[in-house]
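**Student:**
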Amino acid sequence: METIDTTSISKSDLKWQIEHNQEKCTLCGRCAAVCTMGAIKADVQKRRKVVSCGDFPTPQVSETAVPVIKQIVTSSKNCVGCELCTKVCPNEAIRPVFNEQNRMNVKYRALNAESPKRGGRTNLHTEGRTLDKIKIGRISQMTDPSLDAMRHTFELLAPFGRVLPPENLPFSVDEKGDLKINKKIPSTRWIYPIIIGDMSIGALSPRLWEAICIAVAYLNEVHHLPIRMCTGEGGVPEKLLKSKYLKYMILQIASGHFGWNRIINSMPEMVEDPAGILIKIGQGAKPGDGGLLLSKKVEKHIQEIRGVPKSDLLSPPNHQGLYSIEESVQKMFLSMNAAFKFKVPVAIKVAASVTSVSVYNNLLRDPYDIVGGFFLDGIAGGTGAAHETSLDHTGHPIVSRLRDCYNAAVHQGKQGQIPLWAAGGLGMNGNLAADAFKMICLGANGVFTGRLMLQIAGCLGNDFGKCNACNTGLCPAGLTTQHPILMKRLDIDKVAQNIVNYFLATHTELKKLMAPIGNSTLPVGRSDALITVDKNVAERLGIQHVC
Amino acid sequence: MCRIGAIKSNEYFHPAKTLELMRSQQKGHDNSGFAFVMQDLGGIFEPYKDLPVLSMACTDMGIRIAEDILHSAGFVRVMQWTPDINNTEKNLNISPMPNYVFEVFNYPKMYKYATQEEKEELLLDTRLKLRQALEDNDNGYVYSFWPDTLMLKEIGNPKDIGTYFNLNTPNNDFVSKIITVQCRQNTNYDIVRYAAHPFFLQGYTVLANGENTFYEKNKLFQKNLFKGYIGFESDSQCFLYTLHYINKILKWPLKYFKHVITPLEYEEILRREDREVLLRIKASLAHLEINGPNTIIGVNPDGTMFVTCDSKKLRPVVIGRDKNTVIITSEVCGINEVLPDRDTTEDIYPNERETVVIDNNLRIERWKQ
Ligand code: SF4
Ligand code: SF4
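Taken in sequence, the protein lines are chains F and Y. Residue numbers for the first sequence, in my numbering: 117 to 663. Residue numbers for the second sequence, in my numbering: 5 to 373.
(1) Spell out whether any CB of chain Y is found under 7 Å from the CB atom of F:N298.
(2) I'd like to know whether the C-beta of F:G641 is nearer than 7 Å to at least one C-beta of chain Y.
(3) Between F:I156 and ligand 1, is there a pair consisting of the residue's CB and a ligand heavy atom that are separated by less than 6 Å?
(4) Could you pull the start and end residues of the alpha helix (DSSP H) that F:Q528 belongs to?
(5) Measuring only from the beta carbon, is F:S570 closer than 6 Å to any heavy atom that is part of ligand 2?
(6) Under 7 Å between the Cβ atoms of Y:G166 and Y:L23?
(7) Do F:I125 and F:K223 have their C-beta atoms closer together than 7 Å?
(8) Could you tell me how far apart the beta carbons of Y:I273 and Y:L282 are, in whole angstroms, since I believe they sit closer than 8 Å?
(9) Under 9 Å, CB to CB, which of the residues in the segment 576-609 of chain F have a partner in chain Y?
(10) Please report the straight-line C-alpha distance between F:N635 and F:P353, rounded to a whole angstrom.
(11) Sorry if obvious, but does the Cβ on F:P212 come closer than 6 Å to a heavy atom of ligand 1?
(12) Anything in the segment 328-339 of chain F with a Cβ closer than 9 Å to a Cβ of chain Y? List those residues in chain order, please.
(13) Check the Cβ-Cβ distances between F:G350 and every residue of chain Y, and say whether any is below 7 Å.
(14) Output the distance between the C-alpha atoms of F:A149 and F:I156, rounded to the nearest integer angstrom.
(15) Excluding the five sequence neighbours on either side, which residues of its own chain have a C-beta within less than 7 Å of the C-beta of F:N587, listed in chain order?
(16) For Y:Y353 and chain F, any beta-carbon pair shorter than 7 Å?
(17) Just verifying my parser: in three-state terms, what is the DSSP assignment at Y:F178?
(18) Hey, is F:L280 close to ligand 2, as in C-beta under 6 Å from one of its heavy atoms?
(19) Identify, in the order they occur along the chain, each residue of the same chain with its Cβ nearer than 6 Å to the Cβ of Y:D239, setting aside the five sequence neighbours on each side.
(20) Under a Cβ-count criterion, where at least 16 other Cβ atoms within 10 Å of its own Cβ denotes burial, should Y:I69 be classed as buried or exposed?
(21) Taking F:G400 as the reference, which of F:T238, F:G372, F:L324 and F:H268 has the closest Cα?
(22) Report yes or no: is there a C-beta of chain F within less than 7 Å of the C-beta of Y:P112?
(23) I think Y:G207 touches Y:W150, with their Cβ atoms under 8 Å apart; what is that distance to the nearest whole Å?
(24) For the putative contact between Y:D351 and Y:V336, defined by C-beta atoms under 8 Å, what is the C-beta separation to the nearest angstrom?
(25) Quick one: using the 10 Å Cβ neighbour count with 16 as the cut-off for buried, is F:D144 buried or exposed?
(26) Here's the rule: buried if 16 or more other CB atoms are within 10 angstroms of the residue's CB, otherwise exposed. What is Y:E277?
(27) So which residues on chain Y does F:T637 lean against when the C-beta distance must stay under 7 Å?
(28) Let me check you understand the geometry: is the CB of F:L409 closer than 6 Å to at least one non-hydrogen atom of ligand 2?
(29) Please determine whether the Cβ atom of F:L576 lies at a distance below 6 Å from any heavy atom of ligand 2.
(30) What are the boundary residues of the alpha helix (DSSP H) that Y:Q43 is part of?
(31) Under 6 Å from any heavy atom of ligand 1, does the C-beta of F:G197 make it?
(32) Does any residue of chain Y bring its CB to less than 7 Å from the CB of F:P309?
(33) Counting contacts by CB-CB distance shorter than 7 Å, is F:G392 in contact with chain Y?
(34) Keeping to the same chain, check which residues put their C-beta closer than 7 Å to that of Y:G235; ignore five residues upstream and five downstream.
(35) For Y:G214, go through chain F and note every residue whose CB falls closer than 8 Å to its CB, in chain order.
(36) Would you say F:N584 touches ligand 2, meaning its beta carbon is less than 6 Å from a heavy atom?
Structure below.
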């Protein structure tokens, strides 16, 4: 009997298997040319046919060589199921099929001594989405009429920046009976309740980053929707830093401090203040992990903008030198506030965790009144690159955590004083408005969204093991790559337009959700408007259980 | 929907006038209750303007409990008045309490040199204590304990309540210069006496109609702000607490009440000179915003009466006047009953962005937000 090696890798181990129909194939070669993973190639296979004609066996052997499209099998780089080959094939001759029986989780580790890395978000769907179990069930009908989403005016604005307790507002009454402010106070801005954030140039291709910037500027200037974008850690193009559009950007500082040299050097020439500063402590998709940009993506332009040589860029998992919440408030917040003369709100982003409530409680007691926002990122958030084990197995769902933080603020009588912004899988089902609205009713002032922008921009992946190759630098859609040719797959204008369109639709939908509960301003904390058929969800969140 | 009314006059008048005001508006309410607050008292209460008056409906046990508490706190009763109950009429739709107590007290001796604030604090603490003590065994309701103020809240048909308390025939004993009134129990929730408007706290009175759709966020914010913000049996109590908080605790002028409950839109604020202040108010008091349909009538401790509406003007209200009287109420038919000879061209239908204010000289001002 022949000995065979079952420890090596074979096609049956792979997650995605290519089905190629030779009959339909015209050998145009487009599929192999388009595949960024190098997962298929044109090949030649031998065919041997034995034919016997006539009354007696007269076997005739015919041997031919046929050209085929062949799947390449390696231990590390294989088909990711992006379906781009299917898309370009004129004859529907090729497609990837997900292999339920795959053994890659074992094989990859066993053969490479490496932990698998990928982009995207958690692919383990063990519990179903809480937000989908919640409905808006308190409808205004008689004594409090519903509003008309098309006719009434609605104000969709959320505070960004420290909101002082009313009794601390430095007001005095003048002789005319008017209130006057008699002391400088930290700045609070009013912005759209959805922030795009926070994806860096480096994680994204400069073309995608630019497309999002264009969309944001367009939504502000033409549609007057004050949508803000957070830059992510990794620097900002100098031109943008010195342009008037900086006012739409929230600059991020994370533990690697990438790009801040350039930001600081540009300060004397800034014509506008940025919209805010976001100090990133943690990320929902990979809590406890720092940023990760593999050297494959550190092309020349990235080296320039971040001020680094070509190498793997790892942000430390925490900010060196900050050991307590008090210290972080003092050091980071004060220096960031001071940098922009206390005119620019400074907020903090952390990964949702069992400890989030304690952190928020402490911040609420901040004696300096300078913490301008608490951004909470849940486990279903996205990332450009992470160890799969972090993505799938670490983190905390956002919904109950956000609710707990809101309740903690209520308990202290300080709700709204440090605005709560939530993220992590919002819009995962494609409907961002519904998710955002429910989070707002549960106590969020606003939400932020990142991964969804990629989906709008043409991402081919999904949360069920498709593609997620954002870490490889080989993004087949040109979104998360720095490769000069791959980047060109992305049409900047079209992507910008799609993002604008999506926000316009979302804006209408938010109004459509506010109207039936009779509110023209955001129903922050109006959990009385929500119902659920799930008793556990009802109990945990304190909303009405219905059946 | 409820119908609400407020009468302010420079002459003392009897609550009979309020029944007259509300009678023609009865289609708009469900005849489930009747409640009023009298301020600036005349008649037999006139000599005691500076002394606290206790308004309470309770059982016999309730009286004893209350007397014990007041006595041990050092309060000394100086006058007592009991309404003249009509027991002869049968089949009245009313669920009366055994006793209705209106008593005037002297402050405890040790408060002789106390400041106004200390006295106000004492009155509030005492009322809360009484309320709690009576609530424990369902022994009654303490509506107010405050100088120059009387209050009654009753369940039943307003007409029958009027008959029961002999309120249909005016006299000169039981009169005041301000009465706020509502003819409906709060039927959204349980029928509880405390849930009926008007609501009163430390000299501030508020009554409203409509629906407070931001009830939950108002309530959650208010319950930590001040010890007197309790109950929340009705979603409209929030308006009273907001008024009290703005004017009494924060000491902001009355005009800012409107900026708190229905803040201007952001774009509009940016165009104003006082934008810095208004933006801060909008942010810091976001949880006191109201966003449903409401008309709110209020009376301040100094006797100023006002009315203001939600920002979309989803509830009706009208103001009519003659030389001696100003009336604010839900429907003009009510004013037509009480002031048939007034100049109707002077009637005011407030818009969604104004606060109409009536001072103690009955001068009416319309404040644009
Ligand atoms: S599905 Fe994508 S990765 Fe797989 S072979 Fe086709 S193009 Fe290549
Ligand atoms: S298409 Fe690009 S962005 Fe989308 S999952 Fe694949 S690699 Fe990531």
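Ideal Cβ placement from N, Cα and C applies to all residues, glycine included.
**Tutor:** Answer, in terms of the structure:
(1) no
(2) yes
(3) yes
(4) I514 to Q528
(5) Residue identity check: residue 570 of chain F is Leu in the sequence provided, not Ser. Yes, Cβ of F:L570 sits closer than 6 Å to a heavy atom of ligand 2.
(6) yes
(7) yes
(8) 5 Å
(9) none
(10) 40 Å
(11) yes
(12) none
(13) no
(14) 9 Å
(15) K233, R234, G235, L410, G500 and A501
(16) no
(17) coil
(18) no
(19) N216 and Y219
(20) buried
(21) F:T238
(22) no
(23) 6 Å
(24) 7 Å
(25) Residue 144 of chain F is actually Cys in this sequence, not Asp. It counts as exposed.
(26) exposed
(27) E293 and N295
(28) no
(29) yes
(30) No alpha helix (DSSP H) holds Y:Q43; the beta strand (DSSP E) holding it covers G37 to L45.
(31) yes
(32) no
(33) no
(34) Y198 and Q241
(35) T259 and D260
(36) yes
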